[in-house]
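Enquirer:
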Amino acid sequence: MNAMRIQTTFPPIGTFTLDSTLGPPPAQQQSQPPISQHPPPIGIFDANEVPEIIQNPATIGVFQSNSVLSNGGGSGGGGGNNSSSIFSSQSSSSSAANDPSQATRETGIIEKLLHSYGFIQCCERQARLFFHFSQFSGNIDHLKIGDPVEFEMTYDRRTGKPIASQVSKIAPEVVLSEERVTGTVTTELRTDCANNLLSSNETTGRISYENRGECFFLPYTKDDVEGNVNLRAGDKVSFQIATNQRGNLGACHIRLENPAQPVKYRGVVCSMKESFGFIERADVVKEIFFHFSEAEGNVELRPGDDVEFTIQTRNGREFACNITRLAPGSVIFEDVDTTIYKGQVLKPLDRNNATRQTNDPLPGRIRYRAADYSEVEVPFGDKDQKGDFTLRHGDWVQFLLATDRRDQLQRATSISLLDETFKVSGEKREQGVVASLKDGFGFLRCVERNLRLFFHFTEVLDTSREIAVNDEVEFTVVQEPGVPYNTSRLHAIRIKHLPPNTVQFEMLMASNIEGSITREAPKSPVKSQDRVEGGVITYDHGDVKKTIMYFLKDCEKPPRIGDRVRFDIYLVKRNKEFIAVNVQLIGQLQQLHQQQLQQQQ
Numbered sequence: 002m003n004a005m006r007i008q009t010t011f012p013p014i015g016t017f018t019l020d021s022t023l024g025p026p027p028a029q030q031q032s033q034p035p036i037s038q039h040p041p042p043i044g045i046f047d048a049n050e051v052p053e054i055i056q057n058p059a060t061i062g063v064f065q066s067n068s069v070l071s072n073g074g075g076s077g078g079g080g081g082n083n084s085s086s087i088f089s090s091q092s093s094s095s096s097a098a099n100d101p102s103q104a105t106r107e108t109g110i111i112e113k114l115l116h117s118y119g120f121i122q123c124c125e126r127q128a129r130l131f132f133h134f135s136q137f138s139g140n141i142d143h144l145k146i147g148d149p150v151e152f153e154m155t156y157d158r159r160t161g162k163p164i165a166s167q168v169s170k171i172a173p174e175v176v177l178s179e180e181r182v183t184g185t186v187t188t189e190l191r192t193d194c195a196n197n198l199l200s201s202n203e204t205t206g207r208i209s210y211e212n213r214g215e216c217f218f219l220p221y222t223k224d225d226v227e228g229n230v231n232l233r234a235g236d237k238v239s240f241q242i243a244t245n246q247r248g249n250l251g252a253c254h255i256r257l258e259n260p261a262q263p264v265k266y267r268g269v270v271c272s273m274k275e276s277f278g279f280i281e282r283a284d285v286v287k288e289i290f291f292h293f294s295e296a297e298g299n300v301e302l303r304p305g306d307d308v309e310f311t312i313q314t315r316n317g318r319e320f321a322c323n324i325t326r327l328a329p330g331s332v333i334f335e336d337v338d339t340t341i342y343k344g345q346v347l348k349p350l351d352r353n354n355a356t357r358q359t360n361d362p363l364p365g366r367i368r369y370r371a372a373d374y375s376e377v378e379v380p381f382g383d384k385d386q387k388g389d390f391t392l393r394h395g396d397w398v399q400f401l402l403a404t405d406r407r408d409q410l411q412r413a414t415s416i417s418l419l420d421e422t423f424k425v426s427g428e429k430r431e432q433g434v435v436a437s438l439k440d441g442f443g444f445l446r447c448v449e450r451n452l453r454l455f456f457h458f459t460e461v462l463d464t465s466r467e468i469a470v471n472d473e474v475e476f477t478v479v480q481e482p483g484v485p486y487n488t489s490r491l492h493a494i495r496i497k498h499l500p501p502n503t504v505q506f507e508m509l510m511a512s513n514i515e516g517s518i519t520r521e522a523p524k525s526p527v528k529s530q531d532r533v534e535g536g537v538i539t540y541d542h543g544d545v546k547k548t549i550m551y552f553l554k555d556c557e558k559p560p561r562i563g564d565r566v567r568f569d570i571y572l573v574k575r576n577k578e579f580i581a582v583n584v585q586l587i588g589q590l591q592q593l594h595q596q597q598l599q600q601q602q
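Read the sequence shown against our numbering and you will find it ends at 602, with the numbers running on by one and no gaps.
1. Which runs of the beta strand (DSSP E), 3 residues or longer, sit entirely within the region 403-466?
2. From what residue to what residue does the beta strand (DSSP E) around Y342 run?
3. So what does DSSP say about N212, is it helix, strand or coil?
4. In angstroms, rounded to a whole number, what distance separates the CA positions of F455 and E297?
5. Flag this pair as yes or no: are the beta carbons of I141 and F132 separated by less than 8 Å?
6. What's the C-alpha gap between V270 and T311?
7. Assign V582 to one of three DSSP states: helix, strand, or coil.
8. Output the boundary residues of the beta strand (DSSP E) element that contains E297.
9. In angstroms, rounded to a whole number, what distance separates the CA positions of R366 and V379?
10. To the nearest angstrom, how far is it from the Cα of R567 to the Cα of K554?
11. Taking only the alpha-carbon atoms, compute the straight-line gap between E153 and Q136 and give it to the nearest angstrom.
12. In the DSSP assignment, what are the bridge partners of L572?
13. Relative to the C-alpha of V308, which residue among G330, E335, S294, K287 is closest?
14. In whole angstroms, what is the alpha-carbon distance linking Y266 and I171?
15. Please report how far the alpha carbon of E295 lies from the alpha carbon of I324, in whole angstroms.
16. Can you give the Cα-Cα distance for A372 and T340, rounded to whole angstroms?
17. Taking the straight line between their C-alpha atoms, what separation do you get for D405 and Q411?
18. So T204 packs on T183, CB below 8 Å; how close in whole Å?
19. Could you check what DSSP says for S169 in three-state terms: helix, strand or coil?
20. For a quick check, are the C-beta atoms of F390 and L418 less than 8 Å apart?
21. If N471 sits next to V435, beta carbons under 8 Å apart, how far is it from one beta carbon to the other, in whole angstroms?
22. In this structure, does DSSP put L553 in helix, strand or coil?
23. Shortest alpha-carbon distance to R303 belongs to which of E288, R326, Q432, L363?
24. Should the region 271-281 be regarded as contacting the region 241-261, the criterion being three or more beta carbon pairs within less than 8 Å?
25. With DSSP collapsed to three states, give me the class of K384.
26. Mind the definition here: the region 488-495 touches the region 537-544 only if three or more C-beta pairs lie below 8 Å; say whether that holds.
27. Give the C-beta separation of E521 and I562 to the nearest angstrom, bearing in mind that I take them to be a contact with Cβ-Cβ under 8 Å.
28. Within 10 angstroms of the Cβ of S239, are there 16 or more other Cβ atoms? Answer buried if so, exposed if not.
29. Tell me, to the nearest whole angstrom, how far the beta carbon of G344 is from that of R368; I am working on the premise that it is less than 8 Å.
30. Note down the Cα distance separating A97 from T108, rounded to an integer number of angstroms.
31. Is D225 helix, strand or coil when you go by DSSP?
32. Out of K439, H116, Q480, R453, which one is the CA nearest neighbour of A469?
33. Is the Cβ-Cβ distance between V286 and D463 less than 8 Å?
34. To the nearest angstrom, how far is it from the Cα of D383 to the Cα of L250?
35. From the DSSP secondary-structure annotation, give me the bridge partner or partners of D541.
36. Taking the straight line between their C-alpha atoms, what separation do you get for P362 and P482?
Have a look at this one:
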């Protein structure tokens, strides 16, 4: 019998190339003698000996014959096409594009998958969209990072933000078996591939497994093996069977079973419930379930704990077991570059929206110019600022780039505000001094305002300096965020420390003016209708007699009514009133002058 040989090259499950050439559908496979009698090349089997996992559509999936497309080249498995994937096929978006009655659908790549939601990087435009697993039309366990998807863009009714809905996976379609199966490694991977000169067949291993008495051989690559272990011939493994639209089978998510030294995984406890929780794994962008009883030594785990664990498969699902707590900082998810970048905030964090993290854990956006002069947009989250100060659209900032080791996703971190922001934005800045401090907040005495201005410690830009009473500062005044205007109070934000003697509450207008005391200043200033009343001095300004207020704090000695005094005139900035400062009795000045002359003689 003539038989078509299925391509034996088996790259990482789900990879594809956009420039793959789509050919005509392959010819129907012909039967071969049973594998158990004469093991043929991998992937050839008799049509009557199809394993149960393929006969049962609920286990793997059903493929339409008219949707099966060639991977290019002829029907021979070894010749013609050296494409990096055997899963290339036509996008299902073509049929939607020909149907004007359907809504416009976009394409994208799965960028991140978390416990109940993920993110899609759009192909047609610069955007990264949130989607909930409930919007995925299929088994979410079959979706992984890097998969191409099709979706409709809509808007969240609660936040108004764009999100992806009606998400569906497009070709290459790889379907995983619901449960894990066990087998034996028969062919090891070649690891001595110097200069990448080995062919795809030499870098592909084989795993055998039995089904109804028949033996089948499945290919795998190093990317299909979990735990960074080297499999040897004869090793017992568990894995999932992946099938693409052409019917090619492969082993993926391979894990060594019952090794002499159990494979240890690491992660961070990310959420806790009553008796169970989830760990964010450090090797893949994925969370894994654990029960409290799996913590060794009755250790009470808490969110944020670094942990080490093994993985067991129970009823086809993975569980974290033998969990031990590690020293803080043991688990590293990302590498932070030391290069300082400068950029502009495109989208600041909405700190008044308590649900913002539900939609996107990295909601902020910064645009910067890369080394090749291209403009790049990077996300950032709550913990990426140096302090929780308010950022605004258009702010100039400096930052570092952090790269996730698992999926190479980059984000901005160690973000600090640059002074040039205030120079180019036209933002009105005011000055004052710290009047009092409480637990986490304080009040400022303003140069231009009569009131004491509230502020949070988080709004101090210099996080390396502890704020203290009488510190001189510069700040921006805003209405209290998240509160109706008629009930809100003024807040100081974006607080910057100033050098000593920078803040001046009064401005010198005239010096050495003489006058007479016409009303003595009270020992304690009297407040009348938002104005503090002091003493009064009458003086001549040309042919006009004028009066000016003074206070005891500005006098060397309390003057009496009728005393002649000399003083300076200052303008109080906050209320635009004139006051007498450095008030001295003229008689005292004469006596002081005589004493100085006597000392000189």
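Glycine is no exception: its CB is placed at the ideal position from the N, C-alpha and C atoms.
Expert: In this structure, then:
1. As far as the region 403-466 is concerned, its whole beta strand (DSSP E) runs of at least 3 residues are 411-418, 431-438, 442-447, 453-457.
2. Unbroken beta strand (DSSP E) run through Y342: 342-348.
3. N212 falls in the strand class under three-state DSSP.
4. Take the alpha-carbon of F455 and the one of E297: they are about 49 Å apart.
5. Taking C-beta atoms as the reference points, I141 and F132 fail to come closer than 8 Å.
6. Going from the Cα of V270 to the Cα of T311 covers about 14 Å.
7. Strand at V582.
8. Note, E297: premise wrong, no beta strand (DSSP E); not H, not E.
9. Using only the alpha carbons, I get a separation of about 6 Å.
10. Taking the straight line from one Cα to the other gives about 15 Å.
11. CA-to-CA, the gap between E153 and Q136 works out to about 10 Å.
12. Beta-bridge pairing links L572 to M508, F579.
13. The option with the nearest alpha carbon to V308 is G330.
14. In a straight line, the C-alpha of Y266 is about 32 Å away from that of I171.
15. Taking the CA atoms as reference points, E295 sits about 6 Å from I324.
16. Distance between the alpha carbons of A372 and T340: 11 Å.
17. For D405 and Q411, the gap between their C-alpha atoms comes out near 6 Å.
18. Not really, about 24 Å apart at Cβ, beyond 8 Å.
19. Strand at S169.
20. A distance below 8 Å separates the beta carbons of F390 and L418.
21. The pair is a contact, with the Cβ atoms about 6 Å apart (cut-off 8 Å).
22. Residue state for L553 is assigned as helix, using DSSP reduced to three classes.
23. Check the Cα spacing between R303 and each of E288, R326, Q432, L363: the tightest is with R326.
24. With the cut-off at 8 Å, the region 271-281 and the region 241-261 do not touch.
25. Three-state result, K384: helix.
26. As far as the Cβ criterion goes, the region 488-495 does not touch the region 537-544, which means the pair count is below three.
27. Contact between E521 and I562 holds, since their C-beta atoms are separated by about 6 Å, short of 8 Å.
28. Label assigned to S239: buried.
29. Cβ-Cβ separation between G344 and R368: approximately 6 Å, consistent with a contact (criterion under 8 Å).
30. Any reading at A97 must be qualified, since the residue scores a pLDDT of 42, below 50, and its modelled position is unreliable; the value itself is stated next. Distance between the alpha carbons of A97 and T108 is about 12 Å.
31. It is helical.
32. Nearest C-alpha to A469: K439.
33. Not closer than 8 Å, so no.
34. Approximately 43 Å between the Cα atoms of the pair.
35. D541 is bridged to K546.
36. Each residue's alpha carbon lies about 22 Å from the other.
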